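Residue numbers for the sequence shown follow this note's numbering, beginning at 438 and rising by one. Where is the CB? At the ideal position from N, CA and C, for every residue including glycine. Computed from a predicted structure; not experimentally measured. One structure below.
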Amino acid sequence: MVCRCQTLLFATFPVPEAALREAVLNALIHKDYATGTPVQISVYADKLMIWNPGQLPPSWTVAKLKQKHASLPFNPVIANVFFRAGEIEAWGRGVERIFAACREARFPEPVIEQESTGLWISFAFPEDIGKRTAESDSGKSSGKKFGRSASAILKMIEGNPRISAQKMVDSLTISERAIEKNLRSLREQGVIRRIGPANGGHWEIIK
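Put into structure tokens, the structure is as follows:
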């Protein structure tokens, strides 16, 4: 999905960004590099699929993978690099974080399938994704100009309407006061509105 605000252009993901990021990292960490086959990402009209040429540990099933499990990375050195770089929080929680991100964004649960040559994870797009894309491309938001921080906040809300102010602070590395100021400005301009309470509610971008 692409949103235009006069001369400003920013893209959002049809899949929760946190889930997509975790799925790609997970594929890189567990890939069988001896095959010489790259991780593959396929995007269709109704879904996004990631294929990883790797295998589950012996005796493991997809059902076990979706449950709480021990950390057995296929490439522990690569996993450690990502951990030290702050790209992953803990070993053995990648799949859990993917499903949690989808639940938080009220996104359909991804499907994991095992084949003899690797693993697939599929993210089905919501039924209204085409409608939302068309609305965004129609230019209904034209005429409004936003600063860099406000634009970044809009992008984050577009990707996850339930995102908290604290998560915005953590992601944008600006103060909570600056976040609140930008949110207040966007609300006063009629760009966004808050639905529900501070805890448990969500943001809505007004088209």
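Could you give the DSSP three-state label for residue i: helix, strand or coil?
i	result
Asn-517	helix
Leu-591	helix
Glu-552	strand
Pro-451	coil
Ser-578	Reliability fails at Ser-578, whose pLDDT of 44 lies under 50, so the model's placement of it is uncertain and no value is given.
Asn-597	coil
Ser-496	coil
Ala-522	coil
Lys-501	helix
Ala-456	helix
Asn-463	helix
Phe-511	coil
Gly-491	coil
Who are residue i's beta bridge partners in DSSP?
i	result
Met-486	Ser-479, Ser-559
Arg-631	Trp-640
Over what stretch of residues does the alpha helix (DSSP H) that includes residue i continue unbroken?
i	result
Leu-531	Checking the sequence, you will find Gly at residue 531 rather than Leu. Counting along the chain, the alpha helix (DSSP H) containing Gly-531 begins and ends at 531-541.
Asp-607	602-609
Glu-546	Taken as a continuous stretch (DSSP letters only), Glu-546 belongs to no alpha helix (DSSP H), as it is neither H nor E.
Ala-471	Careful: Ala-471 lies outside any alpha helix (DSSP H) and carries neither H nor E.
Ser-622	613-625
Starting from the Cα of residue i, find the closest Cα among the options and give me that residue.
i	options	result
Arg-599	Leu-485, Ala-516, Ile-629, Ile-478	Ile-629
Val-476	Thr-554, Ala-635, Pro-495, Pro-494	Thr-554
Val-606	Glu-617, Gly-596, Asn-597	Glu-617
Met-486	Val-461, Ile-590, Ser-496	Val-461
Pro-451	Phe-562, Ile-594, Gly-638, Arg-631	Phe-562
Ala-615	Gln-626, Glu-595, Arg-585	Arg-585
Thr-610	Glu-595, Arg-458, Val-480, Ala-589	Ala-589
Leu-509	Arg-521, Pro-494, Ala-456	Pro-494
Pro-545	Ile-642, Ala-456, Glu-641	Ala-456
Val-514	Ser-612, Gln-492, Ile-466	Ile-466
Ile-535	Glu-459, Thr-498, Tyr-481	Glu-459
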